[in-house]
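Here the structure is laid out as structure tokens; the discussion comes afterwards.
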Amino acid sequence: SSPFCSSRTISRRGALPRRAMALRGALALSQTLRMKIEPPVFTRSRFARRYNMMEEDRVKWYNWNLACIALTAVPFLWMYTVNYRTSEDTMVLIRTLNPMGTEKIKYDLRLYG
60 SSPFCSSRTI SRRGALPRRA MALRGALALS QTLRMKIEPP VFTRSRFARR YNMMEEDRVK
120 WYNWNLACIA LTAVPFLWMY TVNYRTSEDT MVLIRTLNPM GTEKIKYDLR LYG
């Protein structure tokens, strides 16, 4: 037998790594058993949704559509309120030609192209 290595140390050295590996395996197993993976929480209704990028894009789209509708309505509102008579004499001519307002004034459509 060698003075540097006895049979006792060899048997202990062989047992220590196996015991340590068994403890390491038990520790890893206990860690995996302690780990809980929570299931995702799905929305219950359309009012309980999370605010995300799709919601933000939808808000931008609605606002853009609302602005386009408002801008389209501006010329129509202006045409509704503006004095569309071509001259100051238009009403005088209509009163002269049709004082009772019973006749229908016919226009030559060829003049308007």
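To convert, take the position in the sequence shown, counting from 1, and add 59; that gives my numbering.
Note that the Cβ used here is the ideal one computed from N, Cα and C, for glycine as well.
Treat the numbers as computed from the prediction; the structure is a model and nothing was measured.
> Are the beta-carbon atoms of I164 and L170 separated by less than 8 Å?
Replying inline: No, these two residues do not count as a Cβ contact at 8 Å.
> Between M113 and the rest of its own chain, which residues show a CB-CB distance below 6 Å, the 5 nearest in sequence each way excluded?
Replying inline: Nothing meets the Cβ criterion.
> Where does T68 land, buried or exposed, given buried means 16+ other C-beta within 10 angstroms?
Replying inline: Note that T68 scores a pLDDT of 49, beneath 50, so its modelled location is shaky and nothing firm can be said.
> So what does DSSP say about N124, is it helix, strand or coil?
Replying inline: Of the three classes helix, strand and coil, the one that applies to N124 here is helix, per DSSP.
> With a CB to CB cut of under 8 Å and the five nearest residues on each side skipped, what residues in its chain are close to A79?
Replying inline: Excluding residues up to 5 positions away in sequence, nothing lies with its Cβ nearer than 8 Å to the Cβ of A79 in the same chain.
>> Looking at the secondary structure, which residues open and close the alpha helix (DSSP H) in which M150 lies?
In response: T149 to L156 is the extent of the alpha helix (DSSP H) around M150.
> Do you know how far the Cα of N111 is from the Cα of N122?
Replying inline: The alpha-carbon atoms of N122 and N111 are separated by roughly 17 Å.
> Which value, in whole angstroms, describes the spacing of the CA atoms of V141 and A126?
Replying inline: If I take the Cα positions, the gap works out to 23 Å.
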